[in-house]
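Engineer:
Protein chains: 2
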Amino acid sequence: MEKIRPHTLSGFMELLPAPQMQMERIMAMLRKTYALYGFTPLDTPQLEAADVLLAKGGGETEKQIYRFQKGDSDLALRFDLTVPLAKYVALHYSDLSFPFRRYQIGKVYRGERAQRGRFREFYQADIDIIGDGQLSILNEAEIPAIIYRTFTGLGLKKFQIRVNNRKILNGFYAMLGLTEQSGEIMRTVDKLDKIGPDKVRAILTDDLSLSGEQADRILAFIAIHGDNDAVLTALEQYRGQNEMFDIGLDELRTVAGYLTSFGVPEDHFAVDLTIARGLDYYTGTVYETTLLDHPEIGSICSGGRYDNLAEYYTEKQLPGVGISIGLTRLFYVLQEQGYLNGDVNTAPAEVLILPMTEEVSPAIALATELRAAGIRAQVYTEKKKFKQRMTYADKLGVPFVVFLGEDEIKEGKVSLKDMRSGEQQLMDAAQVRETVLGFQAADAAAPSIREK
Amino acid sequence: MEKIRPHTLSGFMELLPAPQMQMERIMAMLRKTYALYGFTPLDTPQLEAADVLLAKGGGETEKQIYRFQKGDSDLALRFDLTVPLAKYVALHYSDLSFPFRRYQIGKVYRGERAQRGRFREFYQADIDIIGDGQLSILNEAEIPAIIYRTFTGLGLKKFQIRVNNRKILNGFYAMLGLTEQSGEIMRTVDKLDKIGPDKVRAILTDDLSLSGEQADRILAFIAIHGDNDAVLTALEQYRGQNEMFDIGLDELRTVAGYLTSFGVPEDHFAVDLTIARGLDYYTGTVYETTLLDHPEIGSICSGGRYDNLAEYYTEKQLPGVGISIGLTRLFYVLQEQGYLNGDVNTAPAEVLILPMTEEVSPAIALATELRAAGIRAQVYTEKKKFKQRMTYADKLGVPFVVFLGEDEIKEGKVSLKDMRSGEQQLMDAAQVRETVLGFQAADAAAPSIREK
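Keeping their order, the protein sequence lines are chains A and B. 227 is the number that the numbering used here gives to position 227 of the first sequence; each next residue is one higher, with no gaps. 594 is the number that the numbering used here gives to position 142 of the second sequence; each next residue is one higher, with no gaps.
#1: So with Cβ pairs under 7 angstroms, would you call D51 (chain A) a contact of chain B?
#2: Thinking C-alpha only, which one of A:T314, A:Y313, A:V321 is nearest D307 (chain A)?
#3: Would you give the residue range spanned by the alpha helix (DSSP H) that A528 (chain B) belongs to?
#4: DSSP on Q521 (chain B), reduced to helix/strand/coil?
#5: Taking beta-carbon pairs under 7 angstroms, can you tell me which members of the segment 701-721 of chain B lie near chain A?
#6: Using only the alpha-carbon positions, how far apart do G585 (chain B) and K768 (chain B) sit?
#7: With a cut-off of 8 angstroms on the beta carbons, I'd call I105 (chain A) and R25 (chain A) a contact; round off their distance for me.
#8: Kindly indicate which three-state DSSP category F403 (chain A) falls into: helix, strand or coil?
#9: Smallest Cα separation from E573 (chain B): which of B:S462, B:L786, B:D495, B:R757?
#10: Whose C-alpha, out of B:L660, B:Y764, B:K651, is nearest the C-alpha of G635 (chain B)?
#11: Can you find a CB in chain B that lies within less than 7 angstroms of the CB of E24 (chain A)?
#12: Identify the continuous alpha helix (DSSP H) that holds K869 (chain B) and give its terminal residues.
#13: Can you look up M808 (chain B) in the DSSP assignment and give me helix, strand or coil?
#14: By how many angstroms is the C-alpha of V402 (chain A) removed from the C-alpha of A480 (chain B)?
#15: Y392 (chain A) and S546 (chain B): beta carbons closer than 7 angstroms?
#16: Does I364 (chain A) get closer than 7 angstroms to chain B when you measure Cβ to Cβ?
#17: In this structure, how does DSSP classify S10 (chain A) when only helix, strand and coil are distinguished?
#18: Which of the three DSSP states, helix, strand or coil, is assigned to A792 (chain B)?
#19: Any chance the segment 341-348 of chain A sits against the segment 13-24 of chain A, with 3 or more Cβ pairs inside 8 angstroms?
#20: Among A:I137, A:K3, A:G38, A:A377, which one has its Cα closest to the Cα of F852 (chain B)?
#21: For R519 (chain B), which residues of its own chain have a beta-carbon under 6 angstroms away from its beta-carbon, when the five flanking residues on both sides are left out?
#22: Answer with yes or no whether the minimum CB distance from I456 (chain B) to chain A is below 7 angstroms.
#23: Under 8 angstroms, with one C-beta from each stretch per pair, do the segment 239-256 of chain A and the segment 184-192 of chain A reach the 3-pair mark?
#24: Output yes or no for whether 7 angstroms exceeds the beta carbon distance between G303 (chain A) and I323 (chain A).
#25: Indicate whether I613 (chain B) and T741 (chain B) have their beta-carbon atoms separated by less than 7 angstroms.
#26: Quick check on F39 (chain A): does DSSP put it in helix, strand or coil?
#27: Is the closest heavy atom of the ligand HEM to the C-beta of I777 (chain B) under 6 angstroms?
#28: Is it true that the CB of I582 (chain B) sits closer than 7 angstroms to the CB of F552 (chain B)?
#29: Any contact between the segment 134-154 of chain A and the segment 825-840 of chain B? By contact I mean 3 or more CB pairs, one from each, below 8 angstroms.
#30: Any idea if M1 (chain A) is buried or exposed, counting beta-carbon neighbours within 10 angstroms, 16 or more meaning buried?
#31: State the Cα-Cα distance for the pair D74 (chain A) and L85 (chain A), rounded to the nearest angstrom.
#32: For chain A, check one thing: does any of its Cβ atoms lie closer than 7 angstroms to the Cβ of A507 (chain B)?
#33: Does G153 (chain A) have its Cβ less than 7 angstroms from a Cβ in chain B?
#34: Where DSSP assigns a beta bridge to N165 (chain A), which residues make up the other side?
#35: What is the DSSP secondary structure of F571 (chain B), counted as helix, strand or coil?
#36: Give a yes or no on whether 7 angstroms exceeds the smallest Cβ distance from D132 (chain A) to chain B.
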């Protein structure tokens with residue numbers, strides 16, 4: 001028979017079993033953490049009507065979208081989880097309770113140019129809190145706590161949550177009479193780290209026709225640095241000139257002020273006036289999260305406050321705040337940086353039972369008993385030589401192998417080999433259970449990420 | 453602004469938060485059970501190259517497939533999890549260890565005619581064990597144990613795993629000299645329950661031109677009923693006439709013989725000679741699982757042994773055995789039948805904390821403390837009247853509400869209201885933790901399914 005070459009599409013992540021287990025661990029931790037904060041899991045379709053997905057229209061995203069006809073239907077694969085959420089909330093509005101807190105971890109599709117580390121199918125892990133007409137600033141204050149707990153739960157230590165408030169930025173540019181140019185200015189200011197203040201100033205005055213004074217005031221503003229108190233104090237000098245600015249500053253003070261109650265250490269949090277994000281969408285607090293040792297990776301968790309989630313579908317005013325982790329990209333980066341904890345058990349089982357007799361009932365009975373205790377057990381039932389069986393155990397990376405031969409069965413015992421230490425001991429089933437459960441608990445507590 | 457009507461595509465399941473929680477519970481139980489048997493989770497792309505997905509070509513499926521062009525690429529959404537598994541194993545052959553045991557729970561796509569209870573996007577939950585060149589019959593014997601544990605874990609009691617062996621059927625039809633017509637005969641025999649033996653006989657003789665004797669022998673064969681021993685004994689009378697039949701009978705005896713070691717009660721298992729399944733694919737043991745009170749639903753978990761998983765991609769002989777649960781359909785049926793346990797907690801949190809003071813730090817600190825103990829907690833921070841807050845708690849269905857007012861804060865206590873009993877008690881944070889953890893443990897142990 002002629003064969004078709006098996007291959008996976010370029011830009012589509014397909015993991016081998018061991019890294020897949022590490023991915024599963026990370027997803028399980030995200031689900032657990034999000035749930036602890038009262039977010040309910042949602043699962044919306046991957047395919048939607050194209051007119052629904054593209055209600056907002058527009059730009060780069062539309063070119064990247066996977067859109068096609070099936071029969072009379074114009075369909076598209078979702079390109080983020082926010083638009084489906086907006087649809088969901090508008091559609092099921094009367095069945096939901098607000099504030100509505102949901103998380104969703106799902107695949108999204110963007111036909112980007114294929115390149116290393118860029119994915120066309122990738123997981124996003126999103127949380128959002130949606131209010132009906134209004135939403136307390138305290139929800140914005142809670143988000144850094146969730147980010148902190150999420151990454152700490154994964155084992156990450158050297159990261160920082162950077163926060164700004166769009167009202168402060170919009171208010172500041174309004175003070176300078178630069179509201180209309182603020183988009184372009186913010187895009188320029190965003191390059192500060194890369195090109196330095198002199199070049200930023202040159203662009204502001206030469207390309208955007210700002211006065212020297214305006215440029216200097218902008219550079220002085222974004223040069224505000226220091227710990228949170230210092231930054232907030234420095235911002236106070238601008239108070240009283242613009243109402244929006246003042247509201248934004250109050251909001252930022254609230255968000256920073258609740259950090260301790262929410263259990264976020266101050267060194268994991270920084271007010272950063274250079275953060276703008278999604279220029280036409282976010283309206284209040286905005287968030288980025290960076291790995292301190294790898295700023296070049298960019299933000300690994302971003303989001304912010306918005307005023308109107310579902311304006312394309314409903315007259316209801318639905319403000320919200322949300323963050324998103326680009327999980328597939330994050331996983332790729334963690335792998336590349338060698339940040340995945342190689343000591344966690346990635347084998348399909350904790351115990352591989354090797355029956356050494358023709359009759360395998362005792363092996364099966366032992367497996368059944370171990371499984372009842374919550375232990376992942378596999379009986380090796382292929383007729384292979386001992387050496388091949390041990391090679392199989394080694395290749396899978398199972399932490400324990402049980403040998404069950406005539407002698408052991410007669411004695412009512414088994415030989416348990418700890419594959420990491422190489423130690424082998426004769427024991428009864430209860431001891432096997434205890435030993436493996438001890439290993440299991442330690443393994444479950446081990447962090448997924450181990451920084452170098 | 454003109455609004456787009458928010459809607460979800462017909463045939464695409466989108467659940468409200470409470471049923472979604474029930475679905476998540478079921479999925480978590482499937483993942484847990486599959487893992488206990490040493491299956492490793494896989495996650496393959498939802499989109500594949502069309503030539504890869506359609507390597508086998510063919511028939512009904514091809515018409516239903518979501519296939520489209522993107523740039524130069526001919527793409528298709530997967531229509532099952534078996535073809536992607538075949539691709540995966542062929543592609544990553546040298547990186548895998550055999551027997552390779554994997555589970556996958558993922559969405560698949562079939563553009564079926566839309567009708568109630570039929571889905572175009574639906575979850576399949578599959579397990580497969582793939583051998584390299586050979587695979588012990590004991591793997592076939594293990595499958596009923598996994599099915600039994602899966603459904604028992606979900607809370608189902610009244611179900612039966614029905615098993616047959618294709619070698620017995622093929623051997624039997626070979627005895628009658630009817631190998632070529634066996635496909636058509638089996639399709640006819642499959643209607644026995646619906647149309648009765650007389651009509652089956654008429655079709656066999658009139659439409660398929662079998663002799664009266666052949667038809668009678670077939671009817672006598674499929675009339676074999678009784679407990680497992682009785683059926684196996686009745687089958688012994690055919691032994692010695694066809695080698696394939698004899699092998700199949702030995703295999704069936706092995707599968708039935710290991711049930712006890714695997715912990716499957718005999719009344720949940722039946723040898724059923726009318727089961728055929730996937731005529732050109734399965735080659736050994738075949739499985740169906742039926743709800744005893746709802747046979748009309750058909751099999752809720754089916755599968756079998758096959759000889760060659762990936763023949764379209766590789767010369768390697770890769771025999772396997774697998775089963776699949778049509779999870780979306782099953783969930784739909786459970787919902788329709790009122791089989792979902794309405795007593796499990798489907799709220800996004802176990803505790804809703806209502807701060808009764810302007811300053812919410814004590815509420816946030818309590819939430820942080822409860823979360824550290826693994827309790828799902830939400831602080832209600834909107835400025836609403838007491839009644840509206842309680843309506844919110846009611847609508848979410850949270851089991852516990854905590855009131856935190858001036859008096860409580862001064863005393864270092866909180867008021868905990870059990871929303872089910874209506875009882876309210878003043879206690880300290882440690883008591884709240886204990887009470888809620890007790891509830892949580894009981895809730896986690898509650899079955900997802902409760903038969904009527």
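Backbone N, C-alpha and C define an ideal beta-carbon position, used for all residues, glycine too.
Structural biologist: Based on what the coordinates show:
#1: As a working note, residue 51 (chain A) is residue 51 in the first sequence. For D51 (chain A), the answer is yes, since a Cβ of chain B falls inside 7 angstroms of its Cβ.
#2: Locating residue 307 (chain A) in the first sequence gives position 307, where the first residue counts as 1. Cα-wise, what sits closest to D307 (chain A) is A:V321.
#3: Your numbering for residue 528 (chain B) matches position 76 in the second sequence. Bounds of any alpha helix (DSSP H) do not take in A528 (chain B); it lies within the beta strand (DSSP E) bounded by 525-529.
#4: Your numbering for residue 521 (chain B) matches position 69 in the second sequence. If DSSP states are grouped into helix, strand and coil, Q521 (chain B) belongs with the strands.
#5: Cβ contacts with chain A come from Y710, S713, F714, G715.
#6: As a working note, residue 585 (chain B) is residue 133 in the second sequence. As a working note, residue 768 (chain B) is residue 316 in the second sequence. Approximately 7 angstroms between the Cα atoms of the pair.
#7: By 1-based counting over the first sequence, the position of residue 105 (chain A) is 105. By 1-based counting over the first sequence, the position of residue 25 (chain A) is 25. Rounded, the Cβ-Cβ distance is 13 angstroms, inconsistent with contact.
#8: Locating residue 403 (chain A) in the first sequence gives position 403, where the first residue counts as 1. Strand at F403 (chain A).
#9: As a position in the second sequence, residue 573 (chain B) is number 121, starting the count at 1. In terms of Cα proximity to E573 (chain B), the closest of B:S462, B:L786, B:D495, B:R757 is B:S462.
#10: Mapped onto the second sequence, residue 635 (chain B) falls at position 183. When only C-alpha atoms are compared, the closest one is B:L660.
#11: Looking up residue 24 (chain A) in the first sequence gives position 24. By this cut-off, E24 (chain A) is an interface position.
#12: Locating residue 869 (chain B) in the second sequence gives position 417, counting from the first residue. If you look at K869 (chain B), you'll find it isn't in any alpha helix (DSSP H); it sits in the beta strand (DSSP E) that goes 866-870.
#13: In the second sequence, the residue the question calls residue 808 (chain B) occupies position 356. Of the three classes helix, strand and coil, the one that applies to M808 (chain B) here is coil, per DSSP.
#14: As a first step, residue 480 (chain B) must be located in the second sequence, where it is residue number 28. As a first step, residue 402 (chain A) must be located in the first sequence, where it is residue number 402. Rounded to the nearest angstrom, the two C-alpha atoms are 28 angstroms apart.
#15: In the first sequence, residue 392 (chain A) corresponds to position 392, counting from 1. In the second sequence, residue 546 (chain B) corresponds to position 94, counting from 1. In this structure, Y392 (chain A) lies away from S546 (chain B), with their beta-carbon atoms at least 7 angstroms apart.
#16: The sequence position of residue 364 (chain A) within the first sequence is 364, counting from 1. Closer than 7 angstroms: yes.
#17: Taking the first sequence and counting its residues from 1, one reaches residue 10 (chain A) at position 10. DSSP places S10 (chain A) in coil when its eight states are reduced to three.
#18: In the second sequence, the residue the question calls residue 792 (chain B) occupies position 340. Rather than Ala, the amino acid found at residue 792 (chain B) in this sequence is Leu. Under the three-state reduction of DSSP output, L792 (chain B) falls in the strand class.
#19: Taking 8 angstroms as the limit for Cβ pairs, the verdict is that the segment 13-24 of chain A does touch the segment 341-348 of chain A.
#20: Taking the first residue of the second sequence as position 1, residue 852 (chain B) is located at position 400. The shortest C-alpha separation from F852 (chain B) is found at A:G38.
#21: For this step, residue 519 (chain B) is matched to residue 67 along the second sequence. Only A502, A528 meet the Cβ criterion.
#22: The sequence position of residue 456 (chain B) within the second sequence is 4, counting from 1. With 7 angstroms as the cut-off, I456 (chain B) counts as an interface residue toward chain A.
#23: Of all C-beta pairs linking the segment 239-256 of chain A to the segment 184-192 of chain A, fewer than three are shorter than 8 angstroms, placing the two stretches out of contact.
#24: As a working mapping, residue 303 (chain A) is identified with position 303 in the first sequence. As a working mapping, residue 323 (chain A) is identified with position 323 in the first sequence. With respect to the 7 angstroms criterion, G303 (chain A) and I323 (chain A) are classified as neighbours on the basis of their beta carbons.
#25: Along the second sequence, one-based indexing puts residue 613 (chain B) at 161. Along the second sequence, one-based indexing puts residue 741 (chain B) at 289. Yes; because the gap between Cβ atoms is below 7 angstroms, this pair is in contact.
#26: On the first sequence, residue 39 (chain A) is found 39 positions in, with the first residue counted as 1. DSSP, reduced to helix, strand and coil, places F39 (chain A) outside both helices and strands of the structure shown, so it counts as coil.
#27: Ligands displayed in this structure: none; no statement on the ligand HEM is therefore possible.
#28: Position 100 of the second sequence, counting from 1, holds the residue named residue 552 (chain B). Position 130 of the second sequence, counting from 1, holds the residue named residue 582 (chain B). Contact: yes.
#29: As far as the Cβ criterion goes, the segment 134-154 of chain A touches the segment 825-840 of chain B, which means the pair count is three or higher.
#30: Position 1 of the first sequence, counting from 1, holds the residue named residue 1 (chain A). In summary, M1 (chain A) is exposed, with fewer than 16 beta-carbon neighbours lying within 10 Å of its beta-carbon over all protein chains present.
#31: Translated into positions along the first sequence, residue 74 (chain A) becomes position 74. Translated into positions along the first sequence, residue 85 (chain A) becomes position 85. Answer to the nearest angstrom: the Cα atoms are 20 angstroms apart.
#32: The residue labelled residue 507 (chain B) in the question sits at position 55 within the second sequence. It does: the Cβ of A507 (chain B) has a partner Cβ on chain A nearer than 7 angstroms.
#33: Locating residue 153 (chain A) in the first sequence gives position 153, counting from the first residue. For G153 (chain A), the nearest beta carbon of chain B is not closer than 7 angstroms to its own beta carbon.
#34: Residue numbering aside, residue 165 (chain A) sits at position 165 when the first sequence is read from its first letter. Secondary-structure assignment with DSSP links N165 (chain A) through a beta bridge to A:T285.
#35: Start at 1 with the first residue of the second sequence, and residue 571 (chain B) comes out as number 119. Residue state, collapsed to three classes: coil.
#36: The residue given as residue 132 (chain A) occupies position 132 in the first sequence. Using beta-carbon distances, D132 (chain A) does not count as an interface residue toward chain B, since no partner is under 7 angstroms.
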